[in-house]
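In our numbering, the protein residues as written are 1 to 439. Shown next, in structure tokens, is the structure this report addresses.
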Ligand SMILES: Cc1cc2nc3c(=O)[nH]c(=O)nc-3n(C[C@H](O)[C@H](O)[C@H](O)COP(=O)(O)OP(=O)(O)OC[C@H]3O[C@@H](n4cnc5c(N)ncnc54)[C@H](O)[C@@H]3O)c2cc1C
């Protein structure tokens with residue numbers, strides 16, 4: 001019999017919740033729903049809380065509603081990998097789509113968003129164990145290595161970012177595997193503890209005067225800009241403005257947005273503590289790591305450097321963490337065969353939201369603001385877009401965000417239930433295999 005991959009203390013819960021469980025952070029009593037507020041924000045993750053923090057600092061009253069505990073969504077579940085620009089418009093040529101000027105404005109803004117996150121951590125005294133170690137992106141094939149080289153040159157030219165090309169013979173300087181065909185290192189990148197970050201944002205927003213109302217689902221929104229009415233099971237609230245920040249958890253309350261988002265489950269596992277020598281061999285420079293596969297792997301060491309956290313799309317349907325864990329263990333040992341005997345202590349899942357054009361979206365519909373579509377990378381971007389919505393509401397900026405009003409496509413007959421994902425997943429998996437066969 002094969003030995004179990006599960007440690008005796010295995011949990012189907014995020015590793016991050018050991019230090020910052022969103023349910024523990026909520027005050028014992030959920031605040032009452034106010035009769036009136038200037039701005040009602042639906043969704044208490046990075047986007048909603050960043051919006052609330054900036055509004056409250058400007059003395060604009062706001063209430064953040066979350067159906068679960070504040071921070072319960074992707075914001076306390078992700079891998080905490082951050083970078084400023086490499087992920088904008090994943091897989092599409094934004095210069096060809098939006099023109100050179102707008103593409104440059106987007107990349108510049110992604111860089112600004114990175115700096116903004118660093119400033120917020122410092123200004124608000126949030127100890128989210130942030131470290132700027134850089135990011136290694138591994139090429140899954142020689143052809144993709146060429147694509148990464150071109151991307152590195154483009155990023156360096158457009159934004160002045162320092163991006164280093166690592167050919168295959170030097171790969172072991174970055175990562176203890178021969179799985180990739182070389183890669184690039186993006187220096188403006190690093191990792192943080194996502195659950196401590198979202199808790200820190202919540203505390204900062206609350207200190208500034210925002211009202212955070214967990215365990216209160218917004219069930220319906222009526223009215224128009226100037227006078228909206230939001231219905232919740234704990235009472236109704238009247239709001240001048242509404243901001244939707246529900247991303248991969250968007251439901252029927254906002255059908256127009258739901259029809260434009262594809263919710264996709266992403267899965268992560270955490271290993272037991274590794275011997276120091278093994279951890280140092282896996283990722284010697286402690287960089288955060290992703291690759292070029294269509295069904296990508298992403299991984300990093302925990303902030304204390306003792307565990308490997310390994311993530312990917314184990315399935316293209318919603319399955320429990322106990323089902324996804326063996327698949328991720330297999331992916332992990334494909335990259336790092338030396339971890340074959342290593343056991344898992346945690347496995348969990350959360351939802352990301354893709355847009356049909358793979359771009360982040362900030363804008364307005366039916367008089368309501370929204371900041372959604374993280375496309376799998378939203379620690380920095382969703383925080384930034386939430387902040388941008390606050391500036392828009394407050395009239396605090398002269399310059400529109402480069403991500404504002406891009407046009408937000410949907411597809412005929414699509415209602416928000418992505419029935420096609422398993423088929424798309426199988427097709428992507430096949431194409432990833434073909435890339436290696438042709439290599
Ligand atoms: C497993 C995983 C790994 C990831 N790894 C990374 C990474 O390494 N780097 C990176 O940059 N990004 C990563 N991401 C993406 C990142 O986590 C998200 O982009 C980001 O957290 C989204 O923040 P948000 O505030 O928009 O949404 P969320 O944090 O998802 O918050 C949305 C909230 O809306 C609430 N809600 C929904 N409907 C209602 C309603 N009707 N009423 C009230 N509340 C409602 C939900 O309960 C939820 O809490 C990952 C995501 C996942 C799931």
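All C-beta atoms, glycine included, are put in the ideal place defined by N, C-alpha and C.
Asked	Found
How about residue 166 and residue 174: are their beta carbons less than 9 Å apart?	yes
Is residue 348 near ligand 1, judged by its Cβ being under 8 Å from some heavy atom?	yes
When DSSP builds the beta bridges, which residues end up paired with residue 243?	41, 369
Looking at the structure shown, is residue 11 part of a helix, part of a strand, or coil, going by DSSP?	strand
Any chance the CB of residue 109 is under 8 Å from a heavy atom of ligand 1?	no
Determine the DSSP secondary structure at residue 324, reduced to helix, strand or coil.	helix
Let's see if you can read the secondary structure: which residues bound the beta strand (DSSP E) around residue 62?	62 to 65
By how many angstroms is the C-alpha of residue 133 removed from the C-alpha of residue 182?	18 Å
Relative to the C-alpha of residue 245, which candidate in 223, 217, 339, 233 has its C-alpha closest?	217
Who are the Cβ neighbours of residue 409 in its own chain at under 6 Å, not counting the five residues just before and after it?	356, 357
Any chance the CB of residue 388 is under 8 Å from a heavy atom of ligand 1?	no
For a test of the three-state rule: what should DSSP assign to residue 237, helix, strand or coil?	strand
Compute every distance between the C-beta of residue 217 and the non-hydrogen atoms of ligand 1, then say whether any falls below 8 Å.	yes
Can you list, in chain order, the stretches of the beta strand (DSSP E) that have 3 or more residues and sit fully within the stretch 330 to 406?	344 to 355, 361 to 365, 368 to 372
Measuring only the C-alpha atoms, how far is residue 105 from residue 377?	19 Å
Using the rule of at least 16 other Cβ atoms within 10 Å of the residue's Cβ for burial, across every protein chain shown, is residue 115 buried or exposed?	exposed
Relative to the alpha-carbon of residue 433, which residue among 296, 53, 220, 351 has its alpha-carbon at the smallest distance?	296
Which word fits residue 401, buried or exposed, when buried means at least 16 other C-beta atoms lie within 10 angstroms of its C-beta?	buried
Touching or not, the stretch 77 to 86 and the stretch 406 to 423, by the rule of three or more beta carbon pairs under 8 Å?	no
Count the other C-beta atoms from every protein chain shown that fall within 10 angstroms of the C-beta of residue 337, then say buried if there are 16 or more, exposed otherwise.	exposed
Mind pulling the beta strand (DSSP E) runs of 3 or more residues that sit fully within the stretch 118 to 149?	135 to 138
Buried or exposed, going by whether 16 or more other CB atoms sit within 10 Å of the CB of residue 399?	exposed
Using the Cβ count rule (16 or more neighbours within 10 Å means buried), how would you classify residue 92?	exposed
What do you reckon, is the C-beta of residue 374 under 8 Å from a heavy atom of ligand 1?	yes
With hydrogens ignored, establish whether the beta-carbon of residue 49 is closer than 8 Å to any heavy atom of ligand 1.	yes
Would you tell me roughly how many angstroms separate the C-alpha atoms of residue 179 and residue 368, rounded to the nearest one?	46 Å
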